[in-house]
Structure formats: structure tokens, C-alpha cells
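Below is one structure, written out as C-alpha cells, with a few remarks after it.
Residue numbers (my numbering), protein chains in the order written: chain A, 480 to 715; chain B, 576 to 767.
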């Protein structure tokens, strides 16, 4: 039995030439040649489709920063969002250090670090490391909305407005948009609709970055009611 | 290719520069796959991030004898993207409201085919110049062997052997890393 020549198989796979009758007969009987031809045909077909995936653009650098953040053991009590804000902040602190030690040492000694920082800059506790605009979900009045701000001290400040009045209460959540069943409850939002809540230490805000305000009935069920009112994604 | 072996070695040793190298080489392909599967740029970037973090965390599982780094990463990315689609679709009342916010994938493609294209394209880029050039003319310009010989000035016999060898290389790589064979085989990464 004469197998098909490798060059011939390639020509057939590229549909450059037609099978001759003797070749068709052979292919009908020979599983090996048939398999080779099928494989080469498949590769040739794929080959004609790959122009689009050559020289793909590199992902944005923010993805790399998120990867770096993801492989680093969190040192901060709350893992901050990977983003631009982190660096200038650290630089500013480095710049502040000598100023403090040289010029403000006396003030620090007398009045304490917090006051000194207050003189030179906003207190570290006030630095916003991530924020989100909270938008109403469908079925929620369009006038409703708000903002969420995570501060460097590990707190989240929620300001909401025009929330619909309900018989229940409003609860603040951080949800993992990658797996919407994963969430943590931060506490409730009082009627004044403005509150500062601690983010649990160890929370990775790269993961739990979807801020959610829900309407919770007084039913004693601690899980999310499914009635979300506002949502927004934290960005740095 | 020796640089691949070297990368695999540094990767397994936990050298973080190897992660950056792998990302520079394959990040674009991972992002492309995720974007085609999810149809959403933001989710695709997330899946790209999650993929590299998971790959790095489980770097011991990468076995270069069973497939290439690209094939392995695409296998992980694919599962991460599928997980994300599933969790978005999970019938959970808490998720109901979010689903409206996730754009549906614009044009579903078979994931296998996208993986196949990415690994074959990667291999094409690694072929010796003349092999690659002759195959490009055959694939993209649909030229016949004699036409390729005329365009390139190479003897017909040389064109034939370039194409035959090039096709054999692409086929081998496809059989190692392609969706039907590899992509899941470069280590027991199912758990990732």
C-alpha cells in the first residue's frame, strides 16, 4: 500500500490541488493518512484565521499593577485598590519625613504627629484611596444616588441621597463582581443617609470593589435581600 | 526554544521577573481570549489579572514537558472566564440585579477555536523567517506553491519543503497546546 507523500498531503490540506481517484481510494482505507490529512487540514484552516490574533496589543499597565498587587501579601490592614494613587501618596510621605524631622520636630514633640500632619497637609486619615459613584438600579427612582469613599484609615464613607423610604433599613455591602455570591456586610446606613463604616481588616478591595446599598426587611435574615438600590465600583 | 526552558525554570523557582516575562509574552493573548469569551473589556482585564495571579500562586503545577506556558495560561484563563460567566448567570436573587449590568458577550465564539488560533499564531511567530513567510503567503494571501516561488524568488522545491516543515511545526504545536489536546494538559491545573 503506497501512503500519500507528505508534500502531497500538504497540498491537499491547503486545498491547492484536488484529490485524485487513487488517493481517495487510499484515504478511504488508510486511517493513518486520513488522520494526517485531517490534522493538516485543520491546521491549514486555523492558519487562515490567525491574521487577527497576530501582534495583539499589550494589555494596559493597570492590569500588571493589579497582578503585582495580587501576588503581594497585603501589608496594609485593608488591601488598597491597585492604581495610581498609591505611589504619589508614598512619595509625599517620604518628602514629608525630612520636613517633619527638621522643621517641625518641636511641634511634633509638643503637639503630636497628628497635629503636625494637620498643619502641613490633610491628616492621613482623610486621604481617599478609592471612591465610587453610586448609581440607582432599575426600579429605583433616578434621583437616588450617592458616593462612597474609602479612606487610608480603612474606613468607608457613604453619602447617599433620595433613597426610597422602605419599611426596612438600608445596608452597605462590598461585593466581589467576579463572584456575586461573595460579599461582606459593612453595616447599616442610618436614615440620615450618611455614615462612615470600618472596612474589616484584611479586606481586599481589588476583589470586593462593588459597593452595594440594599433594602433589607426586618426579617432577621442576615443575608442580602436581593433588593439592591444603589451600586458603584470602587476605583482609585 | 531555550529561552522558554529558561523562563520555565525561573518561573518554577519563583523568580518574579519570570512572571513579568510571561506576562509580556502572553498577556495580550490571555486578554484577547478573555475578551472574546466575555465580550466585555473590564471583565476581560479582571480575568487576565486573576489568571496570572492564579498561575503564579500555583506555579509548581506548571510542567513544561506537558505543554507550553502559553497553552497552560490559556487553559487557566479559559476556566476563569467560564467561572465568571457562570457566576454572572447563577440564579441567585442577590445577583439578579447585577446581571443587567453585565454586557452579554457580543459574538460567542467557540473557545476551542480561539485557543487554537492563539497557539498556532504563536508558533507561526517562532518559525524560521523563510518558513514563516511562505506560510503567511499561503494562509493570508491564498497563494499556491508556484505563486509563492514567484513572489519570493525561492526555488519551488525550497518553497515546498518550507511549507511542509512549517505545517509540521504548526501541527505539532497544535497537538501539544491546541484546545482539543493540550491547554488542559500542562499540569494538573483544573483546580485553578
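Ideal Cβ placement from N, Cα and C applies to all residues, glycine included.
- When the alpha-carbon of residue 613/A is set against those of 636/A, 676/A and 534/A, the nearest one is in 636/A.
- In the structure shown, residue 710/A adopts extended strand secondary structure according to DSSP, grouped into three states.
- Taking 7 Å as the Cβ-Cβ cut-off, the region 632-659 of chain A approaches chain B at 657, 658 and 659, given in chain order.
- With respect to chain A, the C-beta atom of residue 647/B has no partner C-beta closer than 8 Å.
- At a cut-off of 8 Å, the C-beta of residue 620/B has a neighbouring C-beta in chain A.
- With a threshold of 8 Å between beta carbons, residue 660/B makes no contact with chain A.
- In the DSSP secondary-structure assignment, residue 711/B is not bridged to any residue.
- At least one CB atom of chain A sits nearer than 8 Å to the CB of residue 691/B.
- Using beta-carbon distances, residue 528/A counts as an interface residue toward chain B, with a partner under 8 Å.
- The C-alpha of residue 653/A is placed about 13 Å away from the C-alpha of residue 560/A.
- Using beta-carbon distances, residue 679/A does not count as an interface residue toward chain B, since no partner is under 8 Å.
- In the structure shown, residue 629/A adopts extended strand secondary structure according to DSSP, grouped into three states.
- Bounds of any beta strand (DSSP E) do not take in residue 496/A, whose DSSP letter is neither H nor E.
- Taking a beta-carbon distance threshold of 8 Å, residue 695/A does not count as an interface residue toward chain B.
- One Cα belongs to residue 487/A, the other to residue 507/A, and the distance between them is close to 16 Å.
- The bridge partners DSSP lists for residue 653/A are 663/A and 690/A.
- DSSP places residue 635/A in no alpha helix (DSSP H) but in the uninterrupted beta strand (DSSP E) bounded by 634-640.
- In the DSSP assignment, residue 675/A falls outside any alpha helix (DSSP H) and lies within the beta strand (DSSP E) extending over 673-677.
- Residues of chain A with a Cβ closer than 8 Å to the Cβ of residue 739/B are, in chain order, 485, 486 and 489.
- For residue 516/A, the enclosing alpha helix (DSSP H) has its first and last residue at 510-527.
- Counting along the chain, residue 608/A sits inside the beta strand (DSSP E) bounded by residues 607-615.
- Here the C-alpha atom of residue 637/B lies approximately 8 Å from the C-alpha atom of residue 587/B.
- The beta carbon of residue 691/A sits closer than 6 Å to the beta carbons of 652, 654, 707 and 710 from its chain, once the five residues preceding and following it are set aside; these are given in chain order.
- Proximity to residue 617/B across 545/A, 667/A, 498/A and 517/A peaks at 545/A, based on C-alpha coordinates.
- Secondary-structure assignment with DSSP links residue 699/A through no beta bridge to anything.
- Using a CB distance cut-off of 8 Å, residue 754/B does not count as an interface residue toward chain A.
- Using beta-carbon distances, residue 518/A counts as an interface residue toward chain B, with a partner under 8 Å.
- Taken in chain order, the whole alpha helix (DSSP H) runs of length 4 or more contained in the region 717-752 of chain B are 720-727 and 731-752.
- Judged by DSSP in its simplified three-state form, residue 602/B adopts helix.
- Residue 596/B and residue 652/B have their alpha carbons spaced roughly 17 Å apart.
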